[in-house]
Amino acid sequence: MGRITLDKITKKFGDVEVIPPLDLTIEDGEFVVFVGPSGCGKSTLLRLIAGLEDVSGGEIRIDGSDATMVPPAKRGLAMVFQSYALYPHMSVRKNIAFPLRMAGMSPAEQDRRITAAADVLNLTDYLDRRPGQLSGGQRQRVAIGRAIVREPAAFLFDEPLSNLDAALRVGMRLEISELHKRLQTTMIYVTHDQVEAMTMADKIVVLRAGLIEQVGSPLELYRAPRNLFVAGFIGSPK
Ligand code: ADP
Ligand code: MG
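Those letters in the sequence shown? Residues 1 to 238, per full-length UniProt numbering, in order.
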């Protein structure tokens with residue numbers, strides 16, 4: 001399960017309200033893309049959902065339960081960072097196993113999950129290497145592997161491909177879409193790249209200055225952008 005409801009959540013940094021009251025429902029299994037210009041609050045919104053930042057007001061529910069005060073490790077969500085955050089001195093296997101070891105999972109169950117994740121991500125032959133011996137795309141897959149083994153209710157991606165060169169980005173975009181088809185798990189994906197949004201999303205959330213300008217499928221936004229800002233961002237002719 002992975003239904004996430006944001007009920008009038010707000011975020012202030014000091015006196016500055018970065019997220020005014022915001023409502024949004026993300027359905028179980030949906031691939032939702034948050035898109036908008038730099039500084040519009042995409043990362044903040046994702047970090048609020050992950051619990052890496054506390055909301056200033058409002059409520060976050062995950063599968064019907066109030067998660068507003070639940071610490072990040074207990075929310076059942078897995079964040080994939082742009083910078084990979086891999087441990088350079090550990091093998092790929094140990095990097096992927098890290099959250100499971102921390103959770104005290106049995107070695108047999110860890111192995112089962114690592115084998116399954118490595119298979120999905122084509123990392124089986126790389127499990128004994130160190131991150132420094134991998135390409136950028138492979139490192140990104142290890143970071144995703146570390147999320148998969150936790151079997152989260154939802155994956156949260158913050159511009160995961162922005163460190164990759166253009167060709168690799170296209171490949172990884174397809175891989176993440178394939179992964180979503182295969183796992184059918186909720187994914188929330190932050191990007192400022194319109195093409196990523198249009199090609200990957202079931203539902204696009206267009207943000208400007210912390211406000212939702214429009215929510216809809218890529219086709220809906222393309223055909224009926226609500227205003228020039230959305231039209232400009234989606235690249236349609238309005
Ligand atoms: P995006 O990811 O869309 O580029 P962010 O969520 O990072 O945007 O930032 C939204 C706004 O919040 C920006 O104005 C940014 O300067 C501000 N902001 C983000 N994090 C903090 C913080 N820890 N302290 C103060 N201001 C912050
Ligand atoms: Mg950001």
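From the three backbone atoms N, C-alpha and C, an ideal C-beta is built for every residue, glycine too. Bear in mind the structure is a predicted one, so any value in this text is a computation, not a measurement.
Which first and last residues belong to the beta strand (DSSP E) in which residue i is found?
i, result
"Q214", "L211 to G216"
"G58", "G57 to I62"
"M187", "T186 to T191"
"D7", "I4 to F13"
Tell me the DSSP secondary structure of residue i in three-state form.
i, result
"D158", "strand"
"F98", "helix"
"K238", "Here the model assigns K238 a pLDDT of 44, short of 50, so the residue's position is not dependable and the matter cannot be decided."
"L24", "strand"
"G29", "coil"
"V142", "helix"
"P72", "helix"
"V149", "coil"
"D54", "coil"
"A85", "coil"
Going by DSSP, name the residue or residues bridged to residue i.
i, result
"V206", "V35 and Q214"
"A78", "F155"
"V230", "Note: V230 sits in no beta bridge, so no partner."
"E220", "E220 is not bridged to any residue."
"E17", "K12"
"S106", "According to DSSP, which records beta bridges pairwise, S106 is partnered with nothing at all."
"R65", "It is worth fixing the name first, because residue 65 is Ser in this sequence and not Arg. For S65, which the question treats as bridged, DSSP gives the partners I62."
Between residue i and residue j, how many whole angstroms is the CB-CB distance? I'm expecting something under 8 Å.
i, j, result
"P88", "G132", "6 Å"
"Q194", "I234", "6 Å"
"T25", "T5", "5 Å"
"V120", "L179", "7 Å"
"L156", "A78", "7 Å"
"T10", "G57", "4 Å"
Considering residue i, what are the terminal residues of the alpha helix (DSSP H) in which it resides?
i, result
"G132", "Element bounds for G132: n/a, residue is neither H nor E."
"H180", "A166 to L183"
"T124", "Taken as a continuous stretch (DSSP letters only), T124 belongs to no alpha helix (DSSP H), as it is neither H nor E."
"E196", "Q194 to M200"
"L45", "K42 to A50"
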